[in-house]
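**Q** Read top to bottom, the protein sequences are chains A and B.
Take 6 as the starting number for the first sequence in the working numbering and just add one per residue.
Take 190 as the starting number for the second sequence in the working numbering and just add one per residue.
Heads up, the beta-carbon is just placed ideally off N, CA and C, and yes, glycines get one too.
Below are the structure tokens for one structure; questions will follow.
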Amino acid sequence: KAGVTQTPRYLIKTRGQQVTLSCSPISGHRSVSWYQQTPGQGLQFLFEYFSETQRNKGNFPGRFSGRQFSNSRSEMNVSTLELGDSALYLCASARDTTGTEAFFGQGTRLTVV
Amino acid sequence: AQRVTQPEKLLSVFKGAPVELKCNYSYSGSPELFWYVQYSRQRLQLLLRHISRESIKGFTADLNKGETSFHLKKPFAQEEDSAMYYCALTSGATNKLIFGTGTLLAVQP
Chain A
6 KAGVTQTPRY
16 LIKTRGQQVT
26 LSCSPISGHR
36 SVSWYQQTPG
46 QGLQFLFEYF
56 SETQRNKGNF
66 PGRFSGRQFS
76 NSRSEMNVST
86 LELGDSALYL
96 CASARDTTGT
106 EAFFGQGTRL
116 TVV
Chain B
190 AQRVTQPEKL
200 LSVFKGAPVE
210 LKCNYSYSGS
220 PELFWYVQYS
230 RQRLQLLLRH
240 ISRESIKGFT
250 ADLNKGETSF
260 HLKKPFAQEE
270 DSAMYYCALT
280 SGATNKLIFG
290 TGTLLAVQP
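Next up, the structure:
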């Protein structure tokens with residue numbers, strides 16, 4: 006069974022640009038969550054989606070947005086990039102929303118210059 | 190406020206020594222507690238969760254509601270246990286995980 010797949014693995018963007026990251030969950034998983042990982046702040050929750058609906062949102066500015074498609078694939082978008090957005094962005098999928106085991110992807114390393 | 194605290198950034202032990210990675214939490218309600226592990230160049234993966242009450246790779250963790258702790262223990266550390274360990278909680282009605290800052294376990298030969 007294929008794991009959680011995140012694309013691209015690495016990105017370099019310039020301040021002010023926007024970026025879209027993609028996540029394909031494990032087949033049959035309908036819940037997708039996103040996290041930002043930085044050396045200073047650790048792992049911080051961004052969003053949780055289930056059946057195309059956002060169920061939870063973390064404490065991030067409105068420049069961070071996401072969506073989930075009918076096939077459970079998810080994208081997150083960051084607009085007007087800032088240097089501080091440089092981070093590893095992790096996606097996790099789960100079968101449902103009852104706090105079951107989350108399976109993580111390898112992450113997308115975003116560098117803003 | 191919901192919070193997970195891992196007081197040690199780095200824990201260095203010798204092979205065969207006991208290991209205890211500390212985790213304390215703050216949560217109003219009954220959280221579900223997890224330990225996730227990240228080995229070098231591998232993805233973050235679940236090690237164990239308190240409701241399953243099982244031992245994985247020799248590790249155990251007991252939920253102490255009185256002390257709001259969920260410490261991870263192993264009686265005899267192995268070199269392959271060297272990794273980053275994260276304690277996390279969720280409410281059980283959501284998949285939103287609140288992570289601690291992580292503890293790097295280094296097992297010396």
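Quick one: which residues of the region 279–290 of chain B get their C-beta closer than 8 Å to a C-beta of chain A? List them in chain order.
**A** Hits within the stretch, in order: T279, S280, G281, A282, T283, N284, K285, L286, I287, F288, G289 and T290.
**Q** In chain B, which residues lie with their C-beta within 8 Å of the C-beta of A/A99?
**A** Here residue 99 of chain A corresponds to residue number 94 of the first sequence, with the count starting at 1. Chain B residues near A/A99: N284.
**Q** Kindly indicate the opening and closing residues of the beta strand (DSSP E) around A/S98.
**A** Counting from 1 along the first sequence, the entry for residue 98 of chain A is found at position 93. Here the beta strand (DSSP E) through A/S98 covers A92 to A99.
**Q** Which class does A/L88 belong to by DSSP, given the choice of helix, strand or coil?
**A** Here residue 88 of chain A refers to the residue found at position 83 when the first sequence is read from its first residue. It is helical.
**Q** In its own chain, which residues sit with a C-beta less than 6 Å from the C-beta of A/S70, not counting the 5 before and 5 after it?
**A** Working through the first sequence from its first residue, we reach residue 70 of chain A at position 65. Closer than 6 Å at the Cβ level, and outside the excluded window around A/S70, lie N82.
**Q** If you measure from the beta carbon of B/L374 to each beta carbon in chain A, is any gap under 9 Å?
**A** One cannot answer for residue 374 of chain B here, as it falls past the ends of chain B, which runs 190 to 298.
**Q** Of the residues A/E57, A/Y94, A/A99 and A/L48, which one's Cα is nearest the Cα of B/V226?
**A** As a first step, residue 226 of chain B is located in the second sequence; it is residue number 37 there, counting from the start. Nearest C-alpha to B/V226: A/L48.
**Q** Can you tell which of B/S271, B/L233, B/I287 and B/L222 has its C-alpha closest to the C-alpha of A/N64?
**A** Numbered from its first residue, the first sequence carries residue 64 of chain A at position 59. Considering only alpha carbons, the answer is B/I287.
**Q** Can you pull the chain B neighbours of A/R60, defined as C-beta to C-beta under 7 Å?
**A** In the first sequence, counting from the first residue as 1, residue 60 of chain A sits at position 55. Residues of chain B passing the Cβ test: T283.
**Q** How long is the line joining the alpha carbons of B/L294 and B/P207, rounded to whole angstroms?
**A** Walking along the second sequence from the start, residue 294 of chain B turns up at place 105. Walking along the second sequence from the start, residue 207 of chain B turns up at place 18. Whole-angstrom Cα-Cα distance: 12 Å.
**Q** How is the beta strand (DSSP E) around B/Y216 delimited, first residue to last?
**A** The count along the second sequence starts at 1 and reaches residue 216 of chain B at position 27. Taken as a continuous stretch (DSSP letters only), B/Y216 belongs to no beta strand (DSSP E), as it is neither H nor E.
**Q** Can you find the residues in the same chain that come closer than 6 Å, C-beta to C-beta, to B/K211, ignoring five residues on each side of it along the sequence?
**A** Counting from one through the second sequence, the residue named residue 211 of chain B turns up at place 22. So the list reads P196 and H260, once near-sequence residues are dropped.
**Q** For a minimum of 3 consecutive residues, which ranges assigned as the beta strand (DSSP E) are wholly contained in the region 220–288 of chain B?
**A** Whole beta strand (DSSP E) segments, 3+ residues: 221–227, 234–238, 261–263 and 272–279.
**Q** Suppose the cutoff is 7 Å on Cβ atoms and the five residues either side in sequence are ignored; what does the same chain contact list for B/L236 look like?
**A** To locate residue 236 of chain B, count along the second sequence from 1; it is residue 47. If we look at B/L236 and ignore the five residues flanking it on each side, its Cβ neighbours are W224, Y225, V226, I245 and F248.
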